[in-house]
Amino acid sequence: MATPSNPGHLAELYWNSAAETYEQDFSGTTVGKIRRGTVRKALDRTFQPGHRVLELCCGTGIDAVSLARRGVHVVACDISPRMIELARAHAAGEGVSPPPDFRVLAAEHLSSLTAEDLFDGAFSNFSGLNCVANLHDVSEDLGPLLKPKASLVICMMGRFVPLEILWFLAQGKPKRAFRRLLTSQTYSPTRGLIIRRPTVTQIESQMRPAFRLVRWTGIGIVVPPSYAESFAMRLPRLIRVLATIDRRIGSLPLFRNMADCVLLEFERE
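Shown next, in the form of structure tokens:
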């Protein structure tokens with residue numbers, strides 16, 4: 001079983017609290033919609049109607065519901081009971097039938113998940129896996145649940161983000177500007193969370209031997225992060241142009257290393 005990165009009750013309490021404003025703080029923002037749209041294209045390309053897919057760290061269920069609407073059968077898990085409650089309400093509100101199978105389950109506890117039929121693939125969107133201590137342990141628990149050659153799509157925080165550095169330097173916050181680059185992890189005592197930021201090379205290494213990295217792209221190279229929403233709302237036309245640039249350069253080796261998030265596509269060995 002994977003080693004929990006954070007004391008379970010503290011992480012659960014934090015995400016229960018964060019659930020109340022999650023849509024407002026990220027998914028519902030201009031930037032959040034742009035970034036989620038990029039990931040959704042990858043998910044739609046990877047998972048087809050009739051596929052049975054496992055989602056880790058599902059949050060309020062936006063991606064699970066989107067896939068279910070296309071006929072993908074999703075088992076979606078999250079550590080937070082409140083997130084799962086909101087996810088079920090979201091699915092009901094959207095009228096998706098059959099709805100995703102939402103379950104309260106931390107990514108570190110996948111070994112307790114029994115699957116009568118192996119999954120056709122799995123995914124985790126927007127940095128949920130940055131909160132686990134050891135991706136290798138997660139991959140070892142996840143591997144046996146997937147069919148051979150199954151796809152795994154994960155989105156995690158980037159490590160070197162020039163746009164973020166410039167943003168916070170302009171605000172006179174040098175410590176925050178360089179925190180990702182100078183520290184591989186951050187502990188937040190108020191949240192009770194340790195957020196880890198491995199490089200792509202480290203992620204690839206930790207996912208072996210269960211998974212092989214097929215491709216990866218960068219998201220948020222020139223599009224500002226969600227905490228710059230006020231800026232994005234003032235200049236919507238510029239943001240659309242930046243989003244187009246982001247999509248075009250996201251797979252280029254030089255630029256993808258400068259992204260706020262990285263989207264990695266693996267294959268089950």
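Under my numbering, the first residue of the sequence shown is numbered 1, with each subsequent residue one higher.
Cβ atoms here follow ideal geometry from the backbone N, Cα and C, with glycine treated the same way.
In terms of DSSP beta bridges, what is residue i paired with?
| i | result |
| --- | --- |
| H73 | R52 |
| V262 | M156 and G218 |
| A122 | L54 and L152 |
| T60 | Note: T60 sits in no beta bridge, so no partner. |
| L146 | F119 |
| L213 | F266 |
| R103 | C77 |
Could one say the Cβ of residue i lies closer than 8 Å to chain C's Cβ atoms, at least one of them?
| i | result |
| --- | --- |
| I34 | Here chain C cannot be found, since the structure has a single protein chain. |
Under 8 Å, do residue i and residue j count as touching if we go by C-beta distance?
| i | j | result |
| --- | --- | --- |
| V31 | A228 | yes |
| V223 | I34 | yes |
| R52 | D117 | yes |
| L142 | A170 | no |
| I195 | N130 | yes |
| V132 | A107 | yes |
| D25 | V161 | no |
| I355 | W15 | Here the chain covers residues 1 to 269 and nothing more, so residue 355 does not appear. |
| E269 | R212 | yes |
| Q206 | H109 | no |
| L193 | R159 | no |
| A11 | L86 | no |
| G172 | C57 | no |
| V153 | L43 | yes |
So residue i and residue j are in contact, right, with Cβ under 8 Å, and what is the actual spacing, rounded?
| i | j | result |
| --- | --- | --- |
| T217 | L263 | 5 Å |
| F266 | V200 | F266 to V200, Cβ: 12 Å. No contact. |
| Y22 | T60 | 6 Å |
| S184 | P174 | Contact doesn't hold; Cβ gap of about 19 Å is too wide. |
| V138 | D101 | Wrong, their Cβ atoms sit about 20 Å apart, outside the cutoff. |
Counting only the same chain and skipping the five closest in sequence on each side, list residues whose C-beta sits under 7 Å from that of residue i.
| i | result |
| --- | --- |
| G50 | G71 |
| F255 | G218, I221 and I249 |
| M233 | T30 |
| A243 | I34 and V223 |
For residue i, which residues of its own chain have a beta-carbon under 6 Å away from its beta-carbon, when the five flanking residues on both sides are left out?
| i | result |
| --- | --- |
| R103 | C77 |
| H73 | R52 |
| C155 | V39, N125, F126, C261 and L263 |
| S226 | F26, T29, V31 and G32 |
| D246 | I221, V222 and V223 |
| R208 | none |
| I203 | none |
| V96 | V65, A68 and R69 |
| V241 | none |
| I84 | D78, F102 and V104 |
| S251 | T217 |
Among residues of its own chain, excluding the 5 on either side of residue i, which ones have a beta-carbon nearer than 8 Å to its beta-carbon?
| i | result |
| --- | --- |
| P99 | V65, A68, R88, A91 and A92 |
| F119 | R52, V53, L54, V75, L145, L146, K147 and A150 |
| I165 | A177, F178 and L181 |
| M258 | G158, F160, V161, P162, L163, G218 and I221 |
| L105 | C77, D78, I79, S112 and L113 |
| F231 | P224 |
| F290 | Since the first residue of the chain shown is 1 and the last is 269, residue 290 is not available in this structure. |
> If you scan the region 226-252 from start to end, which runs of the alpha helix (DSSP H) of 4 or more residues do you find wholly inside it?
Replying inline: Within the region 226-252, the complete alpha helix (DSSP H) runs of at least 4 residues are 229-234 and 236-249.
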